[in-house]
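Protein chains in written order, with the numbering used here: chain R, 118 to 414; chain B, 1153 to 1775; chain D, 779 to 1028.
We put the beta carbon where it would ideally sit given N, CA and C, even for glycine.
What follows is a single structure, written as structure tokens, with notes after it.
Written as structure tokens, this is what we have:
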């Protein structure tokens, strides 16, 4: 394959991987603080989509639609915590997973009934379909923007976690919640905060996803979220850098399969990617960056 | 006659059959209620209900017994349904729908029973292949993996146009699931599920659900029992999917995705996932709600509706019901009880029919284990140079330990000295960074813990790990190598016969400790590790415990290694004491010698002004 | 023997008072009706063999466990149960058993965390003061806390508790796993803090050292107080007997 075709695919892979990484980080945020995998996280993306749809109907420019979508996603995530996760505090992993699954079904049903089961188109700026020339390579503008936005978001998150008091408290709570409480960290502030950050990440990831797919339907959030889950498990449950690496790895895998698989098999690309991940997990059950923990008997 | 019946099956299988029979009666009653009036719509509902029961029961076999939430079983339903479609659609219709079928499939036409059997078998084979990979993953990852399974199969069904017609779906399947067929199938599935649950494999699987670590330490090969139930469940799901297809007559891949998964899981959550009856009750509730709400939605009495097409109000109601159940009745409506548990006089009959319990023997008199191979003369268990670090913290830094038959070795040391880690290494739960552990002739350094247990080294745990919701009897019977005759005698010897059929978590603290020791003893070990067995006991209880342990070592020739903080107990009970401090052995010897050792006293009491060595010298001189 | 703090006006009412404290974990009773009190500026030592309930006692005071019965009072007001973050805000800090520092955070970050109950503005000043007192920590401020030696981690844990400017400090086995020379340093520090007016409860296995330093002591066994009194009195008791029991075949 020629160099510029390869470079193009590489940019695509990075771009897609960066969306997955933002989403995976959002999921990992809640998982590392609370040990919960929020199944309804995908619905946040769908919420972003519908928010943007209604905003576009109201005539808002894209940038405002995006901003609104992000804010609404954050608020929705905090609402989820208050309505579902707080009453079920202390329940085991499976119960919480199932409750969030139930929530996601409710929301999907809501979208189907209250809005429409059909896809709604969302207008995106013409700019996104352009290409620019960098040296010998033709690169999509959207891919570049996606990469830029995703990377800056991750940088902002990093700054927040490392520099702010709240971020420090969240990191401490993720490592040892009880000791954090002994030092005065308030869980009734840290937990909703974790959900808020998680929601904002879903918001950014969702905007980038919608910019790519230009439409929304009740099931929109499903595929990207599944990838985020897979990325986290692949990277190692509990490892934040692992989530990012897992996400990029999956994005690359998906693009490469898409580019190189014979046409008849292309629809199966996602399935194949999943099987590949399963194989990795059999060989290394704790994921790429997961670590051994002392067993408390 | 009854005596013959009593002898031919053991108690738990009898219980299972009676329970299944009662549940079957319930099903017959429900069917009669719906079918006898002769209304087409109600008969249709009856079939839907009974088919749903076969589906949920198949799912319950895996989820209920293993405790692992599987999102992927509907994939097997889909495969079973499509296999059935390809085998039963009349040839002419099949030709028009799927012109590109391979000749074998294009030409064969089977009857209902054959199709169901083929579907079940195909799915069982698929189940073994998928299951073999799944059971090796940690539990949280398994849940995600089953989700992936669902997606993968759905994608295949949707895209393999030549075989499935993709999104357009298939039609023309003959209606072979009549009410009597559905009823028969539902009853059969319930019987199979009950028998599995009470079988040896089912018991061991349920033990692993209660406490995986303890199950492994009791010699249970957890991945294997999970695989067996996954395979059975997959096969049953395929057969149920087949029955479903032979009722709905036409379907497309969308049926085998989240809506169906959700509905089935809802039935389990609402009814009670650990009980076969729970699944049945859950199915009744969900179908009734779906039926009522569909009618409300459409405003008109309609004939057959299709359960999978849950939309709108029905889905909300189900989701709300699930969330409410999770908050207020997390164990489901029926909880863990089966049909025979709900009818009190049946329960009593069972307990009576087991025969009069052994009279309560005051004080312990453990059972010598007949038929165990004679023990060697030298050390039974030798650990050399054991070292283990956890992320920078050195828990053990080169510890040697050895114990001989009939010997009681006490291991003591301040907090953080490495005692728990040492026990974990010896029992195969933790693999050391360096050093070896030899039991008899076998190198057990790498474990895994179930192998170590089977080779004759068993243990108890610091934070009692029982199979909480299993009965006392089941707790012991689940252990690998536990023999039924031993179980009753052991219960009597440790004064627990009266509680044999009570759940383990209803016992008092002291009884729970004894039960844990019994479970370890039932495996007829050559070495037993006891981790703080006297913790929380008062003086009387710990004296009784001391006697039991002494008797075990003396009568059985079993070696006992005991870790405890009750230094009074340790110094009076043990033949030798080993003192650990910061991961190394500080002293080893007889109790008198160790207690007199100034280094040991310093480790416990600290050096400094005031009474130190003087006092212990006085003690050693024999006051 | 350690010096008594003779304050001019001895406070009659105890700063911290534990009455009838009973704590259960499931079926196990960890503490059974424990009474204890600490006067202002005192060091009270709590001794006893492992499993006696010493840690449970401290953790219950700190609010980690909810007692089944009994109450803990600070200056006469009951402390909230099950809410450690509120207890810290009221001026009671704990240095947990095994230090429990956040290995994945830097020394400075650990210290900043300690200042959580206090306003952000005061953080910088507190940090400077702490670094002044603990030069080793100042040296290692940007290092990951997990790479510090045992003694340094113990200093960090204490410094972290101090960042909250507490009135009462609870120490849970500070000498655990430390070399004797380091233990000397730690105990010296504890003494200094007491001299500066911090009321102290010290749980220790290292009985003699602790009694050297403390004013009064309690001995716990199996969840009950089996001995109490001035440190000097306890120091001359036969603690070995209490701990080890009678040696010899039964």
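For residue i, three-class secondary structure by DSSP
| i | result |
| --- | --- |
| residue 843(D) | coil |
| residue 981(D) | strand |
| residue 1485(B) | coil |
| residue 1467(B) | helix |
| residue 1508(B) | In this prediction, residue 1508(B) scores a pLDDT of 41, lower than 50, which makes its location untrustworthy; the coordinate-derived value is nonetheless stated afterwards. DSSP places residue 1508(B) in coil when its eight states are reduced to three. |
| residue 930(D) | helix |
| residue 250(R) | strand |
| residue 156(R) | coil |
| residue 174(R) | helix |
| residue 1554(B) | strand |
| residue 1713(B) | strand |
| residue 872(D) | strand |
| residue 1641(B) | helix |
| residue 880(D) | coil |
| residue 1236(B) | helix |
| residue 1749(B) | coil |
| residue 856(D) | strand |
Neighbour-count burial assignment, residue i, 16 or more Cβ in a 10 Å radius
| i | result |
| --- | --- |
| residue 326(R) | buried |
| residue 996(D) | buried |
| residue 1396(B) | buried |
| residue 1212(B) | buried |
| residue 1440(B) | exposed |
| residue 1636(B) | exposed |
| residue 828(D) | buried |
| residue 380(R) | exposed |
| residue 1515(B) | Low per-residue confidence applies at residue 1515(B): pLDDT is 40, beneath 50, and the placement is therefore not dependable, though the value from the model is reported in the following sentence. Per the 10 Å Cβ criterion, exposed. |
| residue 877(D) | buried |
| residue 982(D) | buried |
Contact with chain D by residue i, beta-carbon distance below 9 Å
| i | result |
| --- | --- |
| residue 292(R) | yes |
| residue 299(R) | yes |
| residue 150(R) | no |
| residue 1409(B) | no |
| residue 285(R) | yes |
Within-9 Å CB hit, residue i to chain R
| i | result |
| --- | --- |
| residue 867(D) | yes |
| residue 1245(B) | no |
| residue 922(D) | no |
| residue 1690(B) | no |
| residue 911(D) | no |
| residue 1300(B) | yes |
| residue 1011(D) | no |
| residue 858(D) | no |
| residue 1249(B) | no |
Per DSSP, cross-strand counterpart(s) of residue i
| i | result |
| --- | --- |
| residue 1741(B) | 1729(B) |
| residue 188(R) | Its beta-bridge partners do not exist; DSSP assigns none. |
| residue 995(D) | 823(D), 1007(D) |
| residue 1778(B) | Shown here, chain B extends from 1153 to 1775; a query on residue 1778(B) therefore has no answer. |
Beta carbon proximity, residue i to chain B, threshold 9 Å
| i | result |
| --- | --- |
| residue 212(R) | yes |
| residue 788(D) | Bear in mind that a pLDDT of 47 at residue 788(D), under 50, signals an unreliable position, so the number given afterwards is only what the model happens to contain. No, residue 788(D) does not count as interfacial toward chain B. |
| residue 809(D) | no |
| residue 178(R) | no |
Cβ pair count under 8 Å reaching 3, the region 953-961 of chain D against the region 789-809 of chain D:
Taking a cut-off of 8 Å on C-beta distances, the region 953-961 of chain D does not touch the region 789-809 of chain D, as fewer than three cross pairs fall below it.
Three or more C-beta pairs below 8 Å linking the region 1212-1231 of chain B and the region 1405-1424 of chain B
yes
Short-range partners of chain E found in the region 820-832 of chain D, where Cβ spacing is below 7 Å
As a matter of chain content, chain E is missing from the structure shown, whose protein chains are R, B and D.
So, do the region 847-861 of chain D and the region 895-906 of chain D have three or more beta carbon pairs nearer to each other than 8 Å?
no
Do three or more CB pairs link the region 1295-1312 of chain B to the region 1418-1425 of chain B at distances below 8 Å?
no
Stretch pair the region 1379-1397 of chain B + the region 1199-1219 of chain B: three plus CB contacts closer than 8 Å:
yes
Pair every Cβ in the region 288-301 of chain R with every Cβ in the region 883-895 of chain D, then say whether three or more of these pairs are closer than 8 Å.
Because the criterion of three Cβ pairs below 8 Å is met, the region 288-301 of chain R and the region 883-895 of chain D touch.
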